[in-house]
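Enquirer:
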Ligand code: PTT
Ligand code: SF4
């Protein structure tokens, strides 16, 4: 078999054992890699109802057929497990040399089971696996941990690690890499922490099996240069992801003051141009020629990388318009290893709850120092409020009561990305039907919706577009495992991916073949949810109630008086279900599962929740 190593490394931290398992071409073709492998393994191996922060959960690193191959932007890995945020399937995608090294060590995936007796660093060097003590860095942040690893193994290895957030099982703790990237905002850092797994180091030296290595090397090299040329021509990475901030402000899509407002006159102070002007360094993932991470000095002179989501949710959403202060908040999130997006939404929710008189506290909007203090209390769970906020905004709202759940900005327990959809029905649906809780990674329909001037519409064309985008973004890129930015930001042709796939695997797939895998993966994730939440219904796929609230409208500007409407949103949701072949609860029908070749998995799920 080419295109896959055909091997998975299974490690048990409780027993300090490991073994290599093999998989065949049927499994590979059916699930492709990355998210596909992760959801299938988790579905098969996790008993429903297990505690995501207990030893029964599994932490998975999964790669795809082009991950780690020298071709445009392939230095990415999927981290996955049962999510401590949502209780459903959870994953994330981060730039790391683990992608290349794990495959060169001979594995397409790593499954970590059990719970170590003490803080542990797992070291994988080809066939050798070691369980080393990590007591020296337990209690330390990700920067110090990376330095500690660097001093032992150098920068050439693949590293995943966690900070105090993961150790203390903050539900939205992330995993960080040596390259300064972060992923797994569904709480994968907390899953590592629950296992006392401080870090994973990987070094591989074997060739990755490919059908046509020479052809792949030539095409990959040429394409990396072409992507670089396109990026230079377009100037995209000058402002990177934060280039979108000014546009979001202009079109009333910026989250301001816990998403209460959609625009702010000071937003220009933190836009892409200002960020680029303040740039002191550029970060990037391996195998990338359009490096998009912009680092600036924070207010204490430390280097911090800022992306759009981080800027918008730690800045305007908290009514902070000072880049250096925001950089500090970002730096702290990175060092503690907690998700910037959930952290921003949790803090804004708390400030809003105080505003509403639901709770009392010495905190408010435009309070950078208070925000820094709270991030520390959250990461360490060192105060009562820190402990509550470490649980995420949904659980905090359930504790605060008084209807505050309506303005906890989350779906299924996972906080929103930085698009204020008070009056953007399609993007609101994209958050609603994202299979891991609110995330923009699955479908970013907002540009289609606003640039084509169809903002008002709740028509089936939006549901259709969301599925098209989910197939590409949440399906293809998360399972072939590669960064989507060349495609989305530079227009790098999607047809390049079947071309790479053919060079590595020898299989001549059309895009439709990839869409079938994508649909299978989405349905499989739904089955995972069904087992966990047998009484699930379509309300699971609704965005926060405040977006439907006539009292929460903008009072001036282009969308003054506008808000989402329940019956129309529900109609749009139904279009989505119909096109996907889901029933009224949003669960794939038996016929859909049969068509996708997962009827057997459907029968396994049916023991817990009915299928139609
Ligand atoms: C992703 C989420 C994002 S998405 C951002 S900024 W973005 C936040 N980054 C964080 C950070 O930084 N530090 C931190 N402590 N927490 C953070 N949480 C947030 O995490 C990221 C890029 C970006 S920057 C995006 S959109 C794209 N995402 C991709 C994706 O999801 N899939 C894919 N195939 N390609 C992608 N390319 C882009 O990658 P999660 P990264 Mg992250 C510091 O993982 O859980 O999905 O959350 O991956 O390697 O840092 O690159 O405006
Ligand atoms: Fe990483 Fe950005 Fe390059 Fe994508 S474009 S691989 S996120 S540096």
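Residue numbers (the working numbering): 11 to 622.
For every residue, glycine included, the Cβ atom is placed at its ideal position computed from N, Cα and C.
Computed from a predicted structure; not experimentally measured.
List, from N- to C-terminal side, the alpha helix (DSSP H) runs of 4 residues or more that fit wholly inside the stretch 58–144.
Expert: Entirely contained in the stretch 58–144, the alpha helix (DSSP H) runs reaching 4 residues are, in chain order, 108–114.
Enquirer: Return the residue from the list 68, 428, 298 that minimises the CA-CA distance to residue 48.
Expert: Here residue 48 is taken as the residue at index 38 of the chain shown, counted from 1. When each option's Cα is compared against that of residue 48, the closest is 68.
Enquirer: Using a Cβ distance threshold of 8 Å, determine whether the stretch 331–341 contacts the stretch 184–199, with at least three qualifying pairs required.
Expert: Output reads no: the stretch 184–199 does not touch the stretch 331–341.
Enquirer: Under a three-way DSSP split, which group does residue 393 fall into?
Expert: Numbered from its first residue, the chain shown carries residue 393 at position 383. The answer is coil: DSSP assigns residue 393 none of H, G, I, E or B.
Enquirer: By DSSP's criteria, residue 19 is part of a beta bridge. Which residues make up the other side?
Expert: Start at 1 with the first residue of the chain shown, and residue 19 comes out as number 9. Looking at the DSSP assignment, residue 19 forms a beta bridge with 30, 120.
Enquirer: Taking the straight line between their C-alpha atoms, what separation do you get for residue 134 and residue 20?
Expert: What you label residue 134 is simply residue 124 of the chain shown in a count that begins at 1. What you label residue 20 is simply residue 10 of the chain shown in a count that begins at 1. C-alpha separation (whole angstroms): 11 Å.
Enquirer: Using the beta-carbon count (16 or more within 10 Å), is residue 576 buried or exposed?
Expert: In the chain shown, counting from the first residue as 1, residue 576 sits at position 566. Residue 576 is exposed by the Cβ-count criterion.
Enquirer: Would you call the CB atoms of residue 528 and residue 589 closer than 8 Å?
Expert: For the purposes of this step, residue 528 is taken as the residue at position 518 of the chain shown. For the purposes of this step, residue 589 is taken as the residue at position 579 of the chain shown. No, they are not a contact pair.
Enquirer: Is residue 534 near the ligand SF4 - that is, is its Cβ less than 7 Å away from at least one heavy atom of it?
Expert: Here residue 534 refers to the residue found at position 524 when the chain shown is read from its first residue. No, the beta carbon of residue 534 sits no closer than 7 Å to any heavy atom of the ligand SF4.
Enquirer: In the DSSP assignment, the beta strand (DSSP E) including residue 204 goes from what residue to what residue?
Expert: Locating residue 204 in the chain shown gives position 194, where the first residue counts as 1. Taken as a continuous stretch (DSSP letters only), residue 204 belongs to no beta strand (DSSP E), being part of the alpha helix (DSSP H) at 198–204.
Enquirer: Tell me whether residue 273 sits in a helix, a strand or coil according to DSSP, three-state version.
Expert: Here residue 273 refers to the residue found at position 263 when the chain shown is read from its first residue. Here residue 273 sits in coil by DSSP.
Enquirer: With H, G and I counted as helix, E and B as strand and the rest as coil, what does DSSP make of residue 504?
Expert: Locating residue 504 in the chain shown gives position 494, where the first residue counts as 1. Coil at residue 504, not helix or strand.
Enquirer: What number of angstroms, rounded off, separates the C-alpha of residue 31 from the C-alpha of residue 530?
Expert: As a working note, residue 31 is residue 21 in the chain shown. As a working note, residue 530 is residue 520 in the chain shown. Distance between the alpha carbons of residue 31 and residue 530 is about 24 Å.
Enquirer: Opposite residue 592 in the DSSP bridges: which residues?
Expert: Numbered from its first residue, the chain shown carries residue 592 at position 582. Note: residue 592 sits in a beta bridge opposite 598.
Enquirer: Using beta-carbon positions only, say whether residue 96 and residue 456 come within less than 8 Å of one another.
Expert: Locating residue 96 in the chain shown gives position 86, where the first residue counts as 1. Locating residue 456 in the chain shown gives position 446, where the first residue counts as 1. In this structure, residue 456 does not lie closer than 8 Å to residue 96 by Cβ.
Enquirer: Within 10 Å of its beta-carbon, does residue 412 have 16 or more other beta-carbons around it, so buried, or fewer, so exposed?
Expert: Indexing the chain shown from 1 puts residue 412 at position 402. Residue 412 is exposed by the Cβ-count criterion.
Enquirer: Taking the runs of the alpha helix (DSSP H) that are 4 residues or longer, which of them lie wholly in the stretch 299–329?
Expert: Fully enclosed alpha helix (DSSP H) runs of 4 or longer: 318–324.
Enquirer: Identify every residue that forms a DSSP beta bridge with residue 192.
Expert: The sequence position of residue 192 within the chain shown is 182, counting from 1. In the DSSP output, where bridge partners are listed per residue, residue 192 has 186.
Enquirer: If we call anything under 8 Å between Cβ atoms a contact, is residue 350 one with residue 328?
Expert: Here residue 350 refers to the residue found at position 340 when the chain shown is read from its first residue. Here residue 328 refers to the residue found at position 318 when the chain shown is read from its first residue. The answer is no: Cβ separation not under 8 Å.
Enquirer: How about residue 22: is its Cβ closer than 7 Å to a heavy atom in the ligand SF4?
Expert: If you number the chain shown from 1, residue 22 lands on position 12. Outside the cutoff, so no.
Enquirer: Which residues in the same chain as residue 641 place their Cβ atom closer than 8 Å to its Cβ, once the five residues preceding and following it in sequence are excluded?
Expert: The displayed coordinates of the chain run from 11 to 622. Any statement about residue 641 would go beyond what the structure contains.
Enquirer: Roughly how many whole angstroms lie between the Cα atoms of residue 139 and residue 107?
Expert: The count along the chain shown starts at 1 and reaches residue 139 at position 129. The count along the chain shown starts at 1 and reaches residue 107 at position 97. The alpha-carbon atoms of residue 139 and residue 107 are separated by roughly 18 Å.
Enquirer: Would you list the one or two residues that DSSP bridges to residue 292?
Expert: Indexing the chain shown from 1 puts residue 292 at position 282. Paired residue(s): 304.
Enquirer: Is residue 171 helix, strand or coil when you go by DSSP?
Expert: Taking the chain shown and counting its residues from 1, the one referred to as residue 171 is at position 161. Reduced to three states, the DSSP call for residue 171 is strand.
Enquirer: Which residue marks the beginning of the alpha helix (DSSP H) containing residue 461, and which one marks its end?
Expert: Within the chain shown, numbered from 1, the residue matching residue 461 stands at position 451. Run containing residue 461: 456–461, per the alpha helix (DSSP H) assignment.
Enquirer: Counting C-beta neighbours from all protein chains within 10 Å, is the total for residue 55 16 or more, i.e. buried, or is it exposed?
Expert: For the purposes of this step, residue 55 is taken as the residue at position 45 of the chain shown. The residue in question, residue 55, is exposed, as its Cβ has fewer than 16 Cβ neighbours within 10 Å.
Enquirer: Determine the extent of the beta strand (DSSP E) in which residue 208 is found, giving its start and end residues.
Expert: Counting from 1 along the chain shown, the entry for residue 208 is found at position 198. Unbroken beta strand (DSSP E) run through residue 208: 207–213.
Enquirer: For residue 277, count the other beta carbons within 10 Å of its own beta carbon; 16 or more makes it buried, fewer makes it exposed. Which is it?
Expert: What you label residue 277 is simply residue 267 of the chain shown in a count that begins at 1. Buried, since its Cβ has 16 or more Cβ neighbours within 10 Å.
Enquirer: Based on the DSSP output, what are the partners of residue 266 in its beta bridges?
Expert: As a working mapping, residue 266 is identified with position 256 in the chain shown. Answer is 271, bridged to residue 266.
Enquirer: What is the DSSP secondary structure of residue 435, counted as helix, strand or coil?
Expert: By one-based count along the chain shown, residue 435 stands at place 425. Residue state, collapsed to three classes: helix.
Enquirer: With three or more C-beta pairs closer than 8 Å as the rule, is the stretch 296–311 touching the stretch 194–209?
Expert: Short answer: they don't touch.
Enquirer: Residue 473 and residue 606: beta carbons closer than 8 Å?
Expert: For the purposes of this step, residue 473 is taken as residue 463 along the chain shown, with counting starting at 1. For the purposes of this step, residue 606 is taken as residue 596 along the chain shown, with counting starting at 1. No, these two residues do not count as a Cβ contact at 8 Å.
Enquirer: Apply the 10 Å Cβ neighbour rule to residue 162 and answer buried if 16 or more other Cβ atoms are within range, or exposed otherwise.
Expert: Taking the first residue of the chain shown as 1, we reach residue 162 at position 152. With fewer than 16 other Cβ atoms within 10 Å, it is exposed.
Enquirer: Given this structure, state the Cα-to-Cα distance separating residue 522 from residue 39, to the nearest angstrom.
Expert: The count along the chain shown starts at 1 and reaches residue 522 at position 512. The count along the chain shown starts at 1 and reaches residue 39 at position 29. One C-alpha to the other measures close to 13 Å.
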